[in-house]
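Visitor:
2 protein chains.
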Amino acid sequence: MLGHSFAGAHDRVVVTRTDQAGVRITAIDCLDAELPFDPERNTASRAVLELVLLANGEDQGFALEVHKGIPLASGMGGSAASAVAAVVAANALLSTPQEMEVLYAAACTGEAAASGAPHGDNVAPSLMGGLVIAPRRGAPVRVPVPDWLHVGLVHPHCRLETRESRAVLAAPFPLDQVTAQLEGLALVFSGCYQGDAELLKRGLYDVLAEPRRAPLIPGFDAVKEAALDCGALGASISGGGPSVFGWFASRADAERGVASMQSAFAGVSLASDAYVGPVAGPKAEVI
Amino acid sequence: MLGHSFAGAHDRVVVTRTDQAGVRITAIDCLDAELPFDPERNTASRAVLELVLLANGEDQGFALEVHKGIPLASGMGGSAASAVAAVVAANALLSTPQEMEVLYAAACTGEAAASGAPHGDNVAPSLMGGLVIAPRRGAPVRVPVPDWLHVGLVHPHCRLETRESRAVLAAPFPLDQVTAQLEGLALVFSGCYQGDAELLKRGLYDVLAEPRRAPLIPGFDAVKEAALDCGALGASISGGGPSVFGWFASRADAERGVASMQSAFAGVSLASDAYVGPVAGPKAEVI
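If you're matching them up, the sequences are chains F and U in order. Going by numbering that gives the first Met the number 0, the first sequence opens with residue 0, and the numbers climb by one from there. Going by numbering that gives the first Met the number 0, the second sequence opens with residue 0, and the numbers climb by one from there.
1. If Leu148/F and Trp246/F are in contact, beta carbons under 8 angstroms, what's the gap, nearest whole angstrom?
2. Of all the options Ala26/F, Ile286/F, Val177/F, Pro145/F, which has the alpha carbon lying nearest to the alpha carbon of Ala170/U?
3. Just the C-alpha distance for Ala208/U and Val167/U, rounded to the nearest angstrom, thanks.
4. Measuring only the C-alpha atoms, how far is Val291/U from Gly194/F?
5. With distance defined between alpha-carbon atoms, name the residue in Asp272/U, Gly183/U, Gly239/U, Gly240/U nearest to Val232/U.
6. Here's the rule I'm using: 16 or more other beta-carbon atoms within 10 Å means buried, otherwise exposed. How should Val285/F be labelled?
7. Could you tell me which chain F residues have their CB closer than 8 angstroms to the CB of Leu215/U, listed as they occur along the chain?
8. Are any of the Cβ atoms in chain U nearer than 8 angstroms to that of Leu126/F?
9. Could you say which of Glu197/F, Tyr204/F, Pro214/F, Gly137/F lies nearest to Glu293/U if we only look at CA atoms?
10. Could you say if the stretch 104-118 of chain U and the stretch 266-274 of chain F meet the contact criterion of at least three C-beta pairs nearer than 8 angstroms?
11. In three-state DSSP terms, what is Ala62/F?
12. Please report whether the beta-carbon of Tyr343/F lies at a distance below 8 angstroms from any beta-carbon of chain U.
13. Within a Cβ cutoff of 8 angstroms, which residues of the same chain sit near Glu39/U, ignoring the five residues on either side of it in sequence?
14. Taking DSSP as the reference, what is the three-state secondary structure of Phe36/U?
15. My parser needs the alpha helix (DSSP H) runs of 4 or more residues fully inside the stretch 93-122 of chain U; what are they?
16. Is the shortest distance between the beta-carbon of Ala179/U and the beta-carbons of chain F less than 8 angstroms?
17. To the nearest angstrom, report how far apart Ser78/U and Ile27/U are at their CA atoms.
18. If we cut at 8 angstroms on Cβ distances, does Val206/F have a partner in chain U?
19. Let me make sure I understand the geometry here. Which of Leu227/F, Leu215/F, Asn90/F, Glu64/F has the alpha-carbon closest to that of Ser164/F?
20. Going by CA-CA distance only, name the one from Lys282/F, Glu254/F, His118/F, Leu53/F that's closest to Asp175/U.
21. Hey, quick one: how far does the beta strand (DSSP E) through Asp272/U stretch, first residue to last?
22. Within the same chain, show all residues whose beta-carbon is closer than 6 angstroms to that of Asn41/U, passing over the 5 residues directly before and after it, in chain order.
23. Counting only beta-carbon atoms, is Glu182/F nearer than 8 angstroms to chain U?
24. If you scan the stretch 67-96 of chain U from start to end, which runs of the alpha helix (DSSP H) of 4 or more residues do you find wholly inside it?
25. Let me know the secondary structure DSSP gives Asp10/U once reduced to three states.
26. Please name the residue, chosen from Ser237/U, Leu152/U, Cys191/U, that lies closest to Ser259/U on a Cα-to-Cα basis.
27. Is Gly245/F helix, strand or coil when you go by DSSP?
28. Using the beta-carbon of each residue, which ones in chain U are nearer than 9 angstroms to Ala113/F?
29. Starting from Val142/U, find everything on chain F with Cβ-Cβ shorter than 7 angstroms and list it in chain order.
30. By the criterion of Cβ-Cβ separation under 7 angstroms, what are the contact partners of Gly137/F in chain U?
31. Using a Cβ-Cβ distance cut-off of 8 angstroms, determine whether Phe172/U contacts chain F.
32. For Ala104/F, which residues in chain U fall below 8 angstroms Cβ to Cβ?
33. If you measure between the beta carbons of Gly238/F and Asn55/F, is that distance less than 8 angstroms?
34. Got a sec: is the Cβ-Cβ distance from Met75/U to anything in chain F below 8 angstroms?
35. Within the 8 angstroms Cβ cut-off, does Pro134/U reach chain F?
36. Indicate whether at least one CB of chain U lies closer than 8 angstroms to the CB of Met99/F.
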């Protein structure tokens, strides 16, 4: 129900109005070859189909080229990024551009084509930038974050399918874990709104998903510890994994943090990529 | 993990230094006759015993008179109120007054004597005033709330034991409910920090405890609906019940709300008391 964007890897979608009705994928530029061309199953085209529907179907005929820059199944929100990019681009071509709430709903529908459910936790920050609440209904809500707050994210070169990663969350959660998670969220929000690193440090933990998903990520414990040893306010799994992130009180801390996290992944023979940027990251834009 | 104080019913504890070692209850002024005089089992004395321990046991000898103003088993945090009042009064008599974090830990230990677990959700707001995060460790954290935000609370004249009310929460919670609750908390926090009634309205719901506890409270559905019909931003069970509260955007709305909520309780033959006050309520004080 919460996520943030960051500068680094990104998807790009080229949307063109055509005379032919419907929404088509004309090209997919991706190192992996398995993304679907079926408009109903590709996140980008599925999102545009929904946008056209929500905009009362007046505009018809879109051709999409999808250029993937975010690695698949990395926990970096790639499927949402394509959906958001497509929606933002298509919206700029509509005769009646739609409100944020409509763009959000459309992109969530696209996301569902990939992940099986219309979760907005990646869609909302891609759409609005920065740290954003992703509600089940209504418009997303931006949360201000201090400008010194930086994320360090390390993506190991292995894959973890969102569906598999979500399956381990199927068993229900005991009340004490739920309460602890709510407490952490409350402290993190207070830390963000008050610009207080100590509150962020007290609250930035995950007792629900992390313990269940960590065994799916080789070296996770060592990577997390590496981040914390470098002063991370907290560190956990990015999305469904296998990427791991830390939040740091400065860019310098984050730079040191990702170097150490990459070493820890190397210790289990995993090469990796690293990204550092403000938690108040960018949003999808027409370029 | 979160609670707020409000002006209205309150407990008062008179603490006196004595030459005799230990902590004694000398009097309990309460309409119900069942509160224990055993220092280990009474929340007020148990809290002071813990305070003395945490303050290194230098000061010994306290006599406590407990004047209960908050009805027992009402969901209004009465056991925490006694514990906090006792700790605040005893602290004023210590040769080395203790920090907030120590007072909080001591009062939580007192609360545990009554409820079976050291939950701080009533202790923290009684101790600090207003809306307060009650963490499992460390000092509580105040959350600013808009001054127009008022609570209307109605206490029906029936009792619901905290232990019974907690028992219905024993079964674990599915992920979608947990996510919905986290989303609500995020929206409420943003509403408080931004002073935005619309965000409060979007987030002020309880999908975890309320559905399980509502059947224990006669007329709950009608009372909640009465509050919402009078413009409540949200309404739910106070503590473990049977009291029901609503948050309102003005004192006038809250006054209308509680009148309507009392009528709804009357519809199931329950008399009730009503309280209205700012969500930014008072804290325990030495008088």
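Even for Gly, the Cβ is constructed at its ideal location relative to N, Cα and C. Quick caveat: nothing in here was measured; it's all calculated off a predicted structure.
Guide: Judging by the given coordinates:
1. That pair is a contact at about 6 angstroms.
2. Comparing C-alpha distances from Ala170/U to each of Ala26/F, Ile286/F, Val177/F, Pro145/F shows the shortest one belongs to Val177/F.
3. As the crow flies, the alpha-carbon of Ala208/U is around 8 angstroms from that of Val167/U.
4. Outside the shown range of chain U (0 to 286) lies residue 291/U, about which nothing can therefore be said.
5. It is worth fixing the name first, because residue 232/U is Leu in this sequence and not Val. Of the candidates Asp272/U, Gly183/U, Gly239/U, Gly240/U, the one whose C-alpha sits nearest the C-alpha of Leu232/U is Gly183/U.
6. It is exposed - the Cβ of Val285/F has fewer than 16 other Cβ atoms within 10 Å.
7. Those within 8 angstroms of Leu215/U in chain F number zero; the least Cβ separation is about 17 angstroms.
8. False, the Cβ-Cβ gap to chain U never drops below 8 angstroms.
9. Any property of residue 293/U remains undetermined from this structure, which presents chain U solely from 0 to 286.
10. The way I'd put it, the stretch 104-118 of chain U doesn't touch the stretch 266-274 of chain F; fewer than three beta-carbon pairs between them come closer than 8 angstroms.
11. Secondary structure of Ala62/F (DSSP, three-state): strand.
12. There is simply no residue 343/F to check, as chain F begins at 0 and stops at 286 in what is shown.
13. The answer, listed in chain order, is Arg45, Leu48, Ala112.
14. If DSSP states are grouped into helix, strand and coil, Phe36/U belongs with coil.
15. With a minimum length of 4 residues, the unbroken runs of alpha helix (DSSP H) contained wholly in the stretch 93-122 of chain U fall at 99-114.
16. Interface residue (Cβ-Cβ distance to chain F less than 8 angstroms): Ala179/U is classified as such.
17. Going from the Cα of Ser78/U to the Cα of Ile27/U covers about 13 angstroms.
18. Cβ-Cβ to chain U under 8 angstroms: no for Val206/F.
19. Minimum Cα distance to Ser164/F is reached at Leu215/F.
20. Proximity to Asp175/U across Lys282/F, Glu254/F, His118/F, Leu53/F peaks at His118/F, based on C-alpha coordinates.
21. Here the beta strand (DSSP E) through Asp272/U covers 271-277.
22. Within the same chain, Asn41/U has close Cβ partners Ile24, Pro35.
23. Output row for Glu182/F: interface = yes.
24. Qualifying alpha helix (DSSP H) stretches, in chain order: 77-90.
25. Three-state result, Asp10/U: coil.
26. Ranking Ser237/U, Leu152/U, Cys191/U by Cα distance to Ser259/U puts Leu152/U first.
27. Residue state, collapsed to three classes: strand.
28. Neighbours of Ala113/F on chain U: none; closest Cβ ~19 angstroms, over 9 angstroms.
29. Within chain F, the residues near Val142/U are Ser189.
30. Correct list: Arg201.
31. For Phe172/U, the nearest CB of chain F lies under 8 angstroms from its own CB, placing it at the interface with that chain.
32. Chain U residues near Ala104/F: none, gap ~15 angstroms exceeds 8 angstroms.
33. No; because the gap between Cβ atoms is not below 8 angstroms, this pair is not in contact.
34. Residue contact check for Met75/U against chain F: no CB pair falls below 8 angstroms.
35. Yes - at least one Cβ of chain F is within 8 angstroms of the one on Pro134/U.
36. Answer no: the Cβ-Cβ gap between Met99/F and chain U never drops below 8 angstroms.
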